[in-house]
Amino acid sequence: MLDIKFIRENKDQVKKATSDKQLDPSLVENALGLDEKRRDLMKEVEGLRTLRNTYASEKNIEKGKETKKSLQKIEPKLKEIEKQLLELLYKIPNVVSEDTPVGKDESENKVVRKWGEKPKFDFTPKDHLELGIALGIIDTEMAAKVSGARFNYLKGDAVLLQNALHQFALSVLTDEKKLKEISESVEKGYSSKPFIPVIPPLFINPDVYTKMARLSPETEIERYAIPRDNQYLIGSAEHTLGPLHMDQTLNEKQMPLRYFAFTPAFRREAGSYGKDTRGILRQHQFDKLEMESFTTPENGEKEQNFFVAIQEYLMAELKIPYQVVAICTGDIGGPDYRQIDLDSWMPGQDKYRETHTSDYMTDYQSRRLNSKVKIKDETEFVHMNDATAFAMGRTIIAIMENYQKEDGSIEIPKVLQKWMGKSEILSKA
RNA sequence: GGUGGGGUGUCCGAGUGGUUUAAGGAGCAUCAUUGGAAAUGAUGUGGGCGCAAGUCCGCGCAGGUUCGAAUCCUGUCCCCACCGCCA
């Protein structure tokens with residue numbers, strides 16, 4: 534949520550961001566109108582309260598009773614307007630960075646840079662599902678029978694491969710030396726503080742989910758609800774990592790605070806019927822290693838660059854070709870100030886596909902979460918970043934398709950071999 | 001799930017209807033002192049509205065009673081203890 538004061542003072546910028554994000558800019562005017570009404574009513578209510586307090590201290594019971602009656606008439610009006618304003622404020626998106634491309638949908642995202650050489654095959658490369666079925670390591674058919682569409686079993690070497698990816702990422706995120714190399718590439722002397730590993734809850738309360746700007750009337754359809762217990766399943770580890778410092782004031786010295794968590798993510802994929810139905814690219818449940826961090830406002834953008842540099846490092850170590858994409862206003866998330874994706878090359882589809890995303894939220898989430906940082910004697914809302922380290926399913930796809938051999942076996946990327954305990958996944962035949 | 005005890009600011013902690021204007025302490029920030037530090041002293045340290053004076057709100061959350069609520073009542077969430085169940 535944006536600060537109403539910021540909206541008041543930067544009306545045009547907020548309106549532009551709202552319409553650039555394909556939302557109705559009249560939201561902004563409506564909010565400002567309500568805000569004005571609210572402040573007028575506040576003056577009235579506070580005046581009456583002053584009277585009430587005065588009469589109470591004078592023990593003037595008669596006058597007190599009168600004032601109470603007037604207050605009881607007007608207070609509910611104020612409350613109602615405050616509620617409406619809050620609802621509107623939730624709908625107004627974050628403003629965007631200057632380097633965010635303006636565009637109507639994903640077709641206008643901008644490729645910032647590319648890395649790696651696409652593998653050349655002297656045979657027609659297969660896709661991960663064909664390979665996975667033949668190797669006996671992916672089973673979507675039985676999963677469909679047991680759990681429905683968009684579920685899968687990973688078996689045997691696919692599980693070892695996921696475990697190797699997990700170990701590899703973990704070894705990087707907790708290694709200050711390696712992080713230093715990466716942070717130096719962003720800016721000399723920038724913090725190389727390691728990440729704290731976390732095993733977070735997979736369930737989340739609706740009020741916290743709302744404060745994270747991840748549960749709204751529009752996005753509710755994307756969530757798995759557990760109505761009897763009034764809870765939701767998380768769609769990303771971000772959802773329960775982000776509130777880790779809710780209602781806390783942190784100290785500048787603790788910054789940046791970096792966390793990562795390996796969890797399943799649950800998504801209904803409600804708007805994507807018929808899209809990416811083949812294989813395990815788009816699933817209702819997938820494992821993901823997610824990074825989250827809390828920084829001072831000053832370092833928020835640098836932190837995002839650092840996160841992207843980590844993502845690039847991980848993919849480059851795997852030697853998987855990727856492109857870095859600046860997400861345009863029409864495709865970016867509402868809470869994002871800047872969103873950058875990594876798309877990895879997938880020979881089975883002859884396309885780059887999104888494997889990583891990185892969201893810089895500024896204080897859009899922390900304002901509602903009430904997570905602050907004390908800098909000197911100023912207290913400010915912390916700036917929050919979240920980003921993918923590995924989305925396991927999609928990274929496994931990229932490895933399988935890029936490292937396949939003509940006989941259907943799969944070479945294991947060099948960096949993973951020590952964690953995997955072998956150098957290839959052999960064809961069953 | 002049951003019974004009892006608790007939840008106060010960055011942290012600890014006092015406060016059982018009106019001198020509380022949320023005591024006191026710690027931490028933190030700024031200043032003074034110092035060659036520098038420690039120690040010491042002073043000031044500041046929840047949020048909203050307002051140019052300001054000021055004013056309102058704030059004691060887990062939501063309601064209620066009262067002229068007046070941190071304090072009384074109801075509901076609810078969380079923590080602790082014991083019981084029940086359990087990997």
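The numbers in the working numbering rise by one with no breaks, and the one at position 374 of the first sequence is 907.
The beta-carbon is built from N, C-alpha and C at its ideal position, and this holds for glycine as well.
- Under the DSSP assignment, N696 falls in the alpha helix (DSSP H) whose first and last residues are D690 to L706.
- Counting only residues of its own chain and dropping the five nearest sequence neighbours on each side, R571 has a CB closer than 8 Å to the CB of L611, I614, E615 and L618.
- Around G597, the same chain offers R585, Y588 and A589 as residues with beta carbons nearer than 7 Å, after the five sequence neighbours per side are excluded.
- Distance from the Cα of N903 is smallest, within the candidate group K606, K548, D780 and I929, for D780.
- For V719, the closest alpha carbon among the candidates T829, G665, W648 and A842 is that of A842.
- Counting only residues of its own chain and dropping the five nearest sequence neighbours on each side, A798 has a CB closer than 6 Å to the CB of G768, S769, F819 and K821.
- When G812, S716, L604 and N784 are compared, the shortest CA-CA separation from L687 is found for G812.
- The segment 561-644 is shown to contain whole alpha helix (DSSP H) runs of 4 or more residues at 594-624, in chain order.
- According to DSSP, residue pairing for V906 in a beta bridge involves L783 and E913.
- Annotation: E823 is outside any alpha helix (DSSP H); the continuous beta strand (DSSP E) that includes it extends over Q818 to T828.
- If you ignore the 5 residues before and after M925, its C-beta comes within less than 6 Å of the C-beta of Q695 and D820, all in its own chain and listed in chain order.
- Straight across, the Cα-Cα distance linking D892 with P868 is about 9 Å.
- Apart from sequence neighbours up to five positions away, the residues of its chain that approach S630 with a beta-carbon distance below 8 Å are E834, Y870, R871 and Y893, ordered along the chain.
- Under the three-state reduction of DSSP, Y742 is assigned to helix.
- Taking the C-beta atoms as reference points, V948 is found nearer than 8 Å to F701.
- Distances from the CA of L693 to each of Q950, S960 and K961 were compared; the closest alpha carbon is that of Q950.
- In the structure shown, the three-state DSSP call for I932 is helix.
- Within a 10 Å sphere around the beta-carbon of M933 sit 16 or more other beta-carbons, which makes this residue buried.
- In the three-state reduction of the DSSP assignment, M788 falls in the coil class.
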